[in-house]
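Remarks on the structure that follows.
Residue numbers (UniProt numbering): 1 to 328.
Listed below in structure tokens is the structure:
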């Protein structure tokens, strides 16, 4: 079987890192190139067992470095690109929007230019449901692929901008691109500033757990393993020029998530402390994944099962958490 060269950007991060391992497990005939700048949220500990693999290569580089990216594309002749690399924490985007624009917008444009120049066969751009804005809590509507983009934070605005750039390169240059928009991910190796690992690690240490506002903001939770399998389907079967929403059909309020974790760990809800709400905090996200389901994909994890396995993973990998927090 002919070998394929696959570039995964942001493969030292949470979702990208899980996708690196997924692809190596399911496609040993592929050679994986992981390009990551190793920001605070990236780590290579998760890939330490891959260091001797002939079909895995890590390259430390900034996707917004045009000269470096062009050189990499020229040298390795990538067949496919799956683009995860992004600044993604909303709170940080409120404090410093500029770094989000540089990485998420300029970095994406550099990758598109390199992919166009060197004839990449498919460019999968991994985005977020946050580009759609918010829905009212009492609404029964879901985000569809044709829902208008109405981002409400500098983070989601930068991702919406990159989505539009990717679309424009297909419409203008005929580039073979696909855009995916996922709901909130959870699972192994997630940096501990995000809600679920934050709650787990604080609860394990009997520390106070901050909850924004009244905790009633709703998110659709998607296990990262289900996200990886969906991206596999999109990479190999997704139609060029299309957008695919990826959701887990697991809507929960933030407070429900926190209480679920505390209950699973046998911890008191007295650990919960309510803090001032985040600026521009969207009320509800909810994904309709029916389009990608027509390609044969279905999520495997329901939230109650997935969260138990995730809690167990963090309990068994406390040293990883401590090392990542210390290094970050």
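Glycine included, each C-beta is placed from N, C-alpha and C at the ideal position.
| Check | Outcome |
| --- | --- |
| Let me make sure I understand the geometry here. Which of 123, 291, 155, 80 has the alpha-carbon closest to that of residue 169? | 123 |
| With distances taken Cα to Cα, identify the nearest neighbour of residue 133 among 125, 146, 121. | 146 |
| Taking only runs of the alpha helix (DSSP H) that begin and end inside the region 212-246, which ones reach a length of at least 4 residues, in chain order? | 224-237 |
| CA-CA distance, residue 247 and residue 32? | 26 Å |
| Does residue 328 come out as helix, strand or coil in the three-state DSSP assignment? | Legend: pLDDT at residue 328 = 43, less than 50; position of this residue unreliable, value from coordinates given subsequently. Reduced to three states, the DSSP call for residue 328 is coil. |
| From this set, 310, 67, 181, which residue's C-alpha is nearest residue 189's C-alpha? | 310 |
| Please report how far the alpha carbon of residue 257 lies from the alpha carbon of residue 112, in whole angstroms. | 37 Å |
| For residue 78, which of helix, strand or coil comes out of DSSP? | coil |
| From what residue to what residue does the alpha helix (DSSP H) around residue 123 run? | No alpha helix (DSSP H) holds residue 123; the beta strand (DSSP E) holding it covers 122-128. |
| For residue 18, name the three-state secondary structure that DSSP assigns. | helix |
| Rounded to a whole number of angstroms, what is the C-alpha to C-alpha distance between residue 11 and residue 173? | 27 Å |
| Hey, residue 4 and residue 27: beta-carbon distance below 9 Å or not? | yes |
| Using a Cβ distance threshold of 8 Å, determine whether the region 206-216 contacts the region 231-250, with at least three qualifying pairs required. | no |
| Would you call the region 69-81 and the region 93-105 in contact, with 3 or more CB pairs under 8 Å? | no |
| Count the other CB atoms within 10 Å of the CB of residue 184; is the residue buried (16 or more) or exposed (fewer)? | buried |
| Just to check my reading of the structure: residue 36 and residue 60 have Cβ atoms closer than 8 Å, yes? What is that Cβ distance to the nearest angstrom? | 7 Å |
| Report the three-state DSSP secondary structure of residue 112 (helix, strand or coil). | helix |
| Do you know offhand how far residue 100's Cα is from residue 67's? | 20 Å |
| So, for residue 272: in the same chain, excluding its five sequence neighbours on each side, which residues have a beta-carbon less than 7 Å away from its beta-carbon? | 209, 211, 258 |
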